[in-house]
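Student: One structure follows; several queries about it will come next.
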Amino acid sequence: MPTDSGTGQEQSLLDRAPVASEADLATSPTAQAIKQRGQILIGSQLDTPLLSQQNPTTGQTEGFDAILGRLLAKYILGRPNTKIVNSTSQIREALLQNSTVDVVLHTYSITPTRAEKVSFAGPYFVSGPAIMARKGDSAVTKPQDLKGKKVLAVTNSTGAALLPQYEPEQIITLSSNSECMAALEQGRADAYVNDLTQLAGNAVTNDKVQVNSGTFGQDPYGVGIRHGDETFKQFINDWLKKIQAAGLWQEAYKQTLGTVIPGDAPAPPATGSVPGS
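Numbering (my numbering), first residue to last: 428 to 704.
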């Protein structure tokens with residue numbers, strides 16, 4: 428479980444990040460417990476470029492989700508002390524339910540079905556599913572082209588849930604982004620469907636693949652917390668509003684996703700703006 432504290436180009440951003448007052452902390456027993464422990468436990472992954480990827484030299488996780496995690500730690504603890512617990516899509520709910528992690532902060536799409544098992548603060552970002560193929564392969568460029576094809580998706584992802592309506596020949600679900608990427612390169616499938624943010628990161632680091640489509644649908648990312656912890660949910664939503672108002676959310680985007688996705692940083696989504704949040 429890697430420990431992060433924040434270094435490099437984000438240090439200026441972290442230095443300017445807000446810290447919760449004693450009155451703020453008093454509103455949430457969960458935040459108070461994290462403060463007393465001295466470290467926040469974050470469910471994330473270590474293999475997603477631009478979002479949350481472990482640097483093999485420094486051991487630190489880098490990317491948009493990783494920076495937000497350290498900003499949340501700074502808000503609660505006064506310093507960006509996080510511990511990353513590797514959490515695949517199959518075990519996220521369990522990690523929250525058994526208190527192995529305090530939050531899951533990594534491409535955790537908010538849906539009403541998931542909100543029956545966990546609670547979501549946010550959304551903090553809105554992405555959408557897109558299609559990736561091997562370099563030079565333009566046979567699948569829109570969702571309708573998935574019909575009759577072999578298609579990869581991460582197990583329990585929103586992309587996997589969308590695929591049956593497009594009638595692929597076979598849906599191959601694997602436990603992580605990196606496993607899906609390896610299978611695509613090996614020719615085990617014609618395409619890979621995942622959020623555009625994750626696919627864009629893959630394309631940056633791998634010249635054997637390409638993103639073949641824009642998004643089809645919306646995928647709002649939330650901060651997963653234990654089900655029913657309404658005071659912690661409000662605490663995190665208040666923090667999101669503060670970092671957005673201060674321009675820190677936008678800076679985190681520019682340092683990560685904005686290095687690849689063209690244009691200015693998008694407007695942050697309003698908290699509580701999607702079903703399940």
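All C-beta atoms, glycine included, are put in the ideal place defined by N, C-alpha and C.
For residue 615 and residue 680, I'd like the C-alpha separation in whole angstroms.
Tutor: 33 Å
Student: Quick check on residue 707: buried or exposed, where buried means 16 or more other Cβ atoms within 10 Å of its Cβ?
Tutor: Given a span of 428 to 704 for the chain in the structure shown, any question on residue 707 remains unanswerable.
Student: Since residue 577 contacts residue 597 with CB under 8 Å, what's their CB separation in whole angstroms?
Tutor: 5 Å
Student: Reducing DSSP to helix, strand and coil, say where residue 601 ends up.
Tutor: strand
Student: Mind checking residue 524: buried by the 16 CB within 10 Å criterion, or exposed?
Tutor: With fewer than 16 neighbouring CB atoms inside 10 Å of its own CB, residue 524 falls in the exposed class.
Student: Looking at the unbroken beta strand (DSSP E) that takes in residue 510, where does it start and where does it end?
Tutor: Start and end: 509-513.
Student: Where residue 707 and residue 583 are concerned, what is the direct C-alpha to C-alpha distance, given to the nearest angstrom?
Tutor: The question about residue 707 has no answer here: the residues shown for the chain are numbered 428 through 704.
Student: Select from 460, 440 and 442 the residue whose C-alpha is nearest the C-alpha of residue 449.
Tutor: Answer by Cα proximity: 460.
Student: Quick check on DSSP: helix, strand or coil for residue 628?
Tutor: helix
Student: Run through DSSP, which three-state label would residue 519 get?
Tutor: helix
Student: Buried or exposed: residue 534, going by 16 or more other Cβ atoms within 10 Å of its Cβ?
Tutor: Flag for residue 534 reads buried.
Student: If you draw a straight line from the C-alpha of residue 601 to the C-alpha of residue 685, how long is it?
Tutor: Note on geometry: alpha-carbon atoms of residue 601 and residue 685 lie some 28 Å from one another.
Student: So what does DSSP say about residue 610, is it helix, strand or coil?
Tutor: helix
Student: May I have a chain-ordered list of the beta strand (DSSP E) segments no shorter than 3 residues that lie completely inside the stretch 629-691?
Tutor: Within the stretch 629-691, the complete beta strand (DSSP E) runs of at least 3 residues are 636-638 and 646-653.
Student: Does DSSP put residue 543 in a helix, in a strand, or in coil?
Tutor: Residue 543: helix per DSSP, three-state reduction.
Student: Short of 7 Å in beta carbon distance, which residues of its chain neighbour residue 656, apart from the five on each side in sequence? Order them along the chain.
Tutor: 457 and 546
Student: Based on DSSP bridge pairs, tell me the residues matched to residue 496.
Tutor: Residue 496 is not bridged to any residue.
Student: State whether the stretch 506-515 contacts the stretch 621-634, with contact taken as three or more CB pairs (one from each stretch) at a distance under 8 Å.
Tutor: no
Student: In whole angstroms, what separates the C-alpha of residue 603 from that of residue 589?
Tutor: 17 Å
Student: Give me, in chain order, the residues of the same chain whose beta-carbon lies closer than 6 Å to that of residue 695; leave out the 5 immediate sequence neighbours on both sides.
Tutor: Once the five neighbours on either side are set aside, the close Cβ partners of residue 695 are 671 and 676.
Student: By Cβ distance, which residues of its chain are closer than 6 Å to residue 554, with the 5 residues on each side in sequence left out?
Tutor: Taken in chain order, the residues that qualify are 622, 623, 624 and 646.
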